[in-house]
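**Student:**
Numbering (the numbering used here), first residue to last: 184 to 423.
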C-alpha cells in the first residue's frame, strides 16, 4: 500500500483505512484460530467425557448384572431349601405295598436320619418269606435251593402251596428275644403272591404265618432203608 501512496496512486487516508482493515482482519484471524483451538479442545474433552460416561455406564450395568445374579442365586437357593422342606413333609415308599408296622406314630415327633419310619410289605407279584432255620440245619441250606411255602391260613391239602427259591441266608446267627434260642434267618422268594383254587384267587397278605419246606437234596427209598444200617456200621467202626 505504501508504494502506491508514494506514486500517488492511493490517497493517505485510503492507506490508513486499508491498513486498519488489515489489522482488523489479522485480529479476526487470530481470534478465529484461538476459537478453533478452543473448539477442538472442547470437542476432545466432550469425546473423553462421552467415552468415560460409556465406560461408567458399562461398569454400572455390569455391577447391576452381577448383583442381580447374586440376588437370583440367593433366591434360587431359598427356593431349593423350601422345596426340599416341602418334599420332606411327604414320606414315600420306594415300592408299592402295605404298611405292616408303624414305628413313628406321634404327631410332631422328630425322626432321626436313617431311622425306620414304617415297615412296608410289597404287593408285587414277588413274595418274600422270612423263615427261621435251626443252626444244626443251616449247613444244608444254600441259595437257589427250591422250597415249598405253606400258608397256615389256607389248608395245604386243599389250596396247596407256593413254590419258591432260597434267596438269602444270614451270615451270623440271631437270637430269639423271647426264647433265647439261636436261629438263622432265611429268605425265600416266590414268583407269585396268591393261591388259586377252582378258578378263584386267594391273596396272601402281610403278617400271615407260613411254614417253609426247603429241599436240601433228593434220596431214593433204598437210601432211607440203608441209612440206619450205614449209621450202625459207622458207629461200630468208630468203637473199634
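Even for Gly, the Cβ is constructed at its ideal location relative to N, Cα and C. All values derive from a computational prediction rather than experimental measurement.
#1: Quick check: what's the CA-CA separation for residue 272 versus residue 291?
#2: Contact check, residue 332 vs residue 347 under 8 angstroms by CB: the rounded distance?
#3: With a 10 Å radius around its C-beta and 16 neighbouring C-beta atoms as the bar for buried, classify residue 385 as buried or exposed.
#4: Suppose you measure from the CA of residue 207 to the CA of residue 237; what does that come to, to the nearest Å?
#5: Measuring straight from C-alpha to C-alpha, what distance separates residue 317 and residue 367?
#6: With distances taken between CB atoms, is the gap from residue 300 to residue 274 smaller than 9 angstroms?
#7: Which parts of the segment 272-332 are runs of the beta strand (DSSP E), unbroken and 3 residues or longer, counting only runs that do not cross its ends?
#8: Is the Cβ-Cβ distance between residue 328 and residue 375 less than 9 angstroms?
#9: Of all the beta strand (DSSP E) runs that stay within the bounds of the segment 211-268, which reach a length of 3 or more residues?
#10: If you follow the alpha helix (DSSP H) that residue 388 is in, where does it begin and where does it stop?
#11: Using 10 angstroms around the beta-carbon of residue 335, count the other beta-carbons present and answer buried if the total reaches 16, otherwise exposed.
#12: Roughly how many whole angstroms lie between the Cα atoms of residue 282 and residue 256?
#13: May I ask which residues mark the beginning and end of the beta strand (DSSP E) holding residue 356?
**Tutor:** Straight from the coordinates:
#1: Along the chain shown, one-based indexing puts residue 272 at 89. Along the chain shown, one-based indexing puts residue 291 at 108. Approximately 11 angstroms, taken between the alpha carbons.
#2: Numbered from its first residue, the chain shown carries residue 332 at position 149. Numbered from its first residue, the chain shown carries residue 347 at position 164. Contact flag correct, Cβ pair sits at about 6 angstroms.
#3: Sequence index remark: in the chain shown, residue 385 carries index 202 (1-based). That one is exposed.
#4: Position 24 of the chain shown, counting from 1, holds the residue named residue 207. Position 54 of the chain shown, counting from 1, holds the residue named residue 237. Their backbone Cα atoms lie some 44 angstroms apart in a straight line.
#5: On the chain shown, residue 317 is found 134 positions in, with the first residue counted as 1. On the chain shown, residue 367 is found 184 positions in, with the first residue counted as 1. Cα to Cα, the separation comes out at about 6 angstroms.
#6: The count along the chain shown starts at 1 and reaches residue 300 at position 117. The count along the chain shown starts at 1 and reaches residue 274 at position 91. Yes; because the gap between Cβ atoms is below 9 angstroms, this pair is in contact.
#7: Contiguous beta strand (DSSP E) elements confined to the segment 272-332 occur at 280-285, 301-305 and 311-316, taking only those with 3 or more residues.
#8: One-based indexing of the chain shown puts residue 328 at position 145. One-based indexing of the chain shown puts residue 375 at position 192. Residue 375 is positioned such that its CB atom lies no closer than 9 angstroms to that of residue 328.
#9: Listed in chain order, there is nothing to give.
#10: By one-based count along the chain shown, residue 388 stands at place 205. No alpha helix (DSSP H) holds residue 388; DSSP gives it neither H nor E.
#11: Numbered from 1 along the chain shown, position 152 holds the residue referred to as residue 335. Burial state of residue 335 is exposed, judged by a 10 Å Cβ sphere holding fewer than 16 other Cβ atoms.
#12: Here the question's residue 282 lines up with position 99 in the chain shown. Here the question's residue 256 lines up with position 73 in the chain shown. Distance between the alpha carbons of residue 282 and residue 256: 41 angstroms.
#13: Counting from 1 along the chain shown, the entry for residue 356 is found at position 173. Where residue 356 is concerned, there is no enclosing beta strand (DSSP E), given that its DSSP letter is neither H nor E.
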